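Q: I'd like to ask some things about the structure below.
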Amino acid sequence: MANETDSRWRIGLDLGSTSAKGVLIDPEGAIVAMKLEQANTAPAETADRMVAAFTNEHNLSSPSVAATGYGRSLAGMAVRTITEISCHARGVRAMHPDARSVIDIGGQDAKAIRLDANGGVEDFAMNDRCAAGTGCFLDVAAKKFNLTVAELSAFCDHNPLSESAGNSFEISSTCVVFAESELIGLTAKGTPPKESLKAVHRAIARRVILLLKQVSAVEPLYFTGGVAANGTLRHALEKESGLAIRVADHAQFAGALGAALFL
Ligand code: ADP
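When we follow my numbering, the leftmost residue of the sequence shown carries the number 8, and every step to the right adds one.
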């Protein structure tokens, strides 16, 4: 339990385009608690709710709050707002001091970051235009086959490679609307659902890999964001990039942790 007057307990909020994440850290910077809300349609209210819950559950008097993510400016109680790039870099380095690159894939965007030897951001690239290279396409594809995103990777046997010779089922559209109609086309041609979904993972990996190339990503490379839980996509990214990709601890919370550490 926190001391009543201890303001060094810090809360980082990552008000993302798809979900809201909150991390409470103690004066030493260790994670004490984490909260996730899958939907983030009202970021201001979500921020208030999360801070109130952390405060009550841990008997805090006035914890300082920092916010990142697309809805960060709506967190009225935040004394600092910080970009997602800086926060993912900071959060990953705190958990993995050897990290030299980060790939973050969330619900609506993807980011590649190359770090310098001290953990500073040396270069970054971001895709927030083309949803076919983000978790959004996985959400759409999972729904089409009555699966949850959490079930997708196992459904593909955690392996993005086609079981048929020559990987003949491919999705090439760079826009998720057209990619979705390609997916419907594959299904109409009798393509097995597993093959269609593997093709979805390969298509996303081909988009994301462009970001890794743009920043000349190097190992050790850590994967953050909600999509990091998808092993099939991780394998597809490794295959396309030739780089080993490690899933960061608390991958979906890396940005929120980074925000808290900036206080
Ligand atoms: P944002 O910060 O943009 O809101 P997140 O980093 O929170 O995004 O990631 C949200 C995305 O993570 C969702 O679009 C979903 O596709 C994916 N996701 C969430 N949970 C899982 C899971 N258990 N397995 C695979 N993917 C997941």
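Glycine included, C-beta positions come from ideal geometry on N, C-alpha and C. Note that this is a predicted model, so its numbers are computed, not measured.
In chain order, which alpha helix (DSSP H) runs of at least 4 residues are fully inside the stretch 175 to 225?
A: Here the runs fully enclosed are 183 to 195, 200 to 221.
Q: Checking 8 Å against the spacing of the C-beta atoms, do residue 246 and residue 167 come in under that value?
A: Here residue 246 corresponds to residue number 239 of the sequence shown, with the count starting at 1. Here residue 167 corresponds to residue number 160 of the sequence shown, with the count starting at 1. Against a cut-off of 8 Å, the Cβ pair of residue 167 and residue 246 comes out as a contact.
Q: Comparing alpha-carbon positions, which option in 161, 106, 24, 130 lies nearest residue 227?
A: Indexing the sequence shown from 1 puts residue 227 at position 220. Nearest option by C-alpha distance: 106.
Q: Enumerate in chain order the residues of its own chain whose CB-to-CB distance from residue 110 is below 6 Å, with the five nearest sequence positions on each side excluded.
A: Stepping through the sequence shown from its first residue, residue 110 is reached at position 103. Excluding sequence neighbours, residue 110 sits near 119, 230.
Q: When you compare each of 200, 207, 176, 202 to residue 186 by their alpha carbons, which one comes out closest?
A: In the sequence shown, counting from the first residue as 1, residue 186 sits at position 179. Among 200, 207, 176, 202, the Cα nearest to that of residue 186 belongs to 207.
Q: Determine contact between the stretch 79 to 94 and the stretch 42 to 57, defined as no fewer than three beta-carbon pairs at a distance below 8 Å.
A: The stretch 79 to 94 is in contact with the stretch 42 to 57.
Q: Cβ of residue 86 versus every heavy atom of the ligand ADP: is any distance shorter than 7 Å?
A: The sequence position of residue 86 within the sequence shown is 79, counting from 1. Checking every heavy atom of the ligand ADP against the Cβ of residue 86, none is found closer than 7 Å.
Q: I'd like the list of long-range same chain contacts for residue 143, defined as Cβ closer than 7 Å, with 5 residues on each side in sequence excluded.
A: Walking along the sequence shown from the start, residue 143 turns up at place 136. Cβ neighbours of residue 143 beyond the five flanking positions: 114, 115, 183.
Q: Measure the alpha-carbon distance for residue 190 versus residue 60 and round it to whole angstroms.
A: The count along the sequence shown starts at 1 and reaches residue 190 at position 183. The count along the sequence shown starts at 1 and reaches residue 60 at position 53. Answer to the nearest angstrom: the Cα atoms are 42 Å apart.
Q: With H, G and I counted as helix, E and B as strand and the rest as coil, what does DSSP make of residue 92?
A: On the sequence shown, residue 92 is found 85 positions in, with the first residue counted as 1. In the structure shown, residue 92 sits in a helix (DSSP, three-state: H, G or I).
Q: What does a CB cutoff of less than 7 Å around residue 62 pick up in its chain, not counting 5 residues either side in sequence?
A: Counting from one through the sequence shown, the residue named residue 62 turns up at place 55. Taken in chain order, the residues that qualify are 70.
Q: Any chance the CB of residue 80 is under 7 Å from a heavy atom of the ligand ADP?
A: Sequence index remark: in the sequence shown, residue 80 carries index 73 (1-based). The answer is no for residue 80.
Q: Secondary structure at residue 63, three-state DSSP: helix, strand or coil?
A: Counting from one through the sequence shown, the residue named residue 63 turns up at place 56. Looking at residue 63 - three-state DSSP - the assignment turns out to be helix.
Q: Between the alpha carbons of residue 130 and residue 220, how many angstroms are there, rounded?
A: Numbered from its first residue, the sequence shown carries residue 130 at position 123. Numbered from its first residue, the sequence shown carries residue 220 at position 213. Between residue 130 and residue 220, the C-alpha separation is close to 11 Å.
Q: What would DSSP say about residue 155, mapped onto helix, strand or coil?
A: Sequence index remark: in the sequence shown, residue 155 carries index 148 (1-based). Of the three classes helix, strand and coil, the one that applies to residue 155 here is coil, per DSSP.
Q: Along the beta strand (DSSP E) that carries residue 231, what are the first and last residues, could you check?
A: Stepping through the sequence shown from its first residue, residue 231 is reached at position 224. Element bounds for residue 231: 228 to 231.
Q: Do residue 268 and residue 98 have their C-beta atoms closer together than 8 Å?
A: Mapped onto the sequence shown, residue 268 falls at position 261. Mapped onto the sequence shown, residue 98 falls at position 91. Taking 8 Å as the Cβ cut-off, residue 268 and residue 98 qualify as a contacting pair.
Q: Would you say the beta carbon of residue 157 is closer than 7 Å to some non-hydrogen atom of the ligand ADP?
A: Position 150 of the sequence shown, counting from 1, holds the residue named residue 157. It does: the Cβ of residue 157 is within 7 Å (strictly closer) of some heavy atom of the ligand ADP.
Q: Determine the burial state of residue 25: buried for a count of at least 16 other Cβ atoms within 10 Å of its Cβ, exposed for fewer.
A: Sequence index remark: in the sequence shown, residue 25 carries index 18 (1-based). Classification of residue 25: buried, given that the 10 Å Cβ count is 16 or more.
Q: Buried or exposed: which applies to residue 199, given that a residue is buried once 16 or more other Cβ atoms fall within 10 Å of its Cβ?
A: Mapped onto the sequence shown, residue 199 falls at position 192. The residue is exposed, with fewer than 16 neighbouring Cβ atoms inside 10 Å.
Q: Reducing DSSP to helix, strand and coil, say where residue 256 ends up.
A: In the sequence shown, counting from the first residue as 1, residue 256 sits at position 249. Residue 256: coil per DSSP, three-state reduction.
Q: Does at least one heavy atom of the ligand ADP sit under 7 Å from the Cβ of residue 24?
A: The residue given as residue 24 occupies position 17 in the sequence shown. Indeed, a heavy atom of the ligand ADP lies less than 7 Å from the Cβ.
Q: Is any non-hydrogen atom of the ligand ADP found closer than 7 Å to the C-beta of residue 236, if you look at the structure I gave you?
A: As a position in the sequence shown, residue 236 is number 229, starting the count at 1. Indeed, a heavy atom of the ligand ADP lies less than 7 Å from the Cβ.
Q: Helix, strand or coil: which one does DSSP assign to residue 80?
A: Here the question's residue 80 lines up with position 73 in the sequence shown. Three-state DSSP puts residue 80 in a helix.
Q: Based on the DSSP output, what are the partners of residue 117 in its beta bridges?
A: Taking the sequence shown and counting its residues from 1, the one referred to as residue 117 is at position 110. Note: residue 117 sits in a beta bridge opposite 112, 134.
Q: Is residue 279 near the ligand ADP, with its Cβ less than 7 Å from a heavy atom?
A: Limits of the chain in this structure are 8 at one end and 270 at the other, which puts residue 279 out of reach.
Q: Between the alpha carbons of residue 235 and residue 127, how many angstroms are there, rounded?
A: As a first step, residue 235 must be located in the sequence shown, where it is residue number 228. As a first step, residue 127 must be located in the sequence shown, where it is residue number 120. Roughly 22 Å separates the two Cα atoms.
Q: Output yes or no for whether 8 Å exceeds the beta carbon distance between residue 239 and residue 154.
A: Mapped onto the sequence shown, residue 239 falls at position 232. Mapped onto the sequence shown, residue 154 falls at position 147. Not closer than 8 Å, so no.
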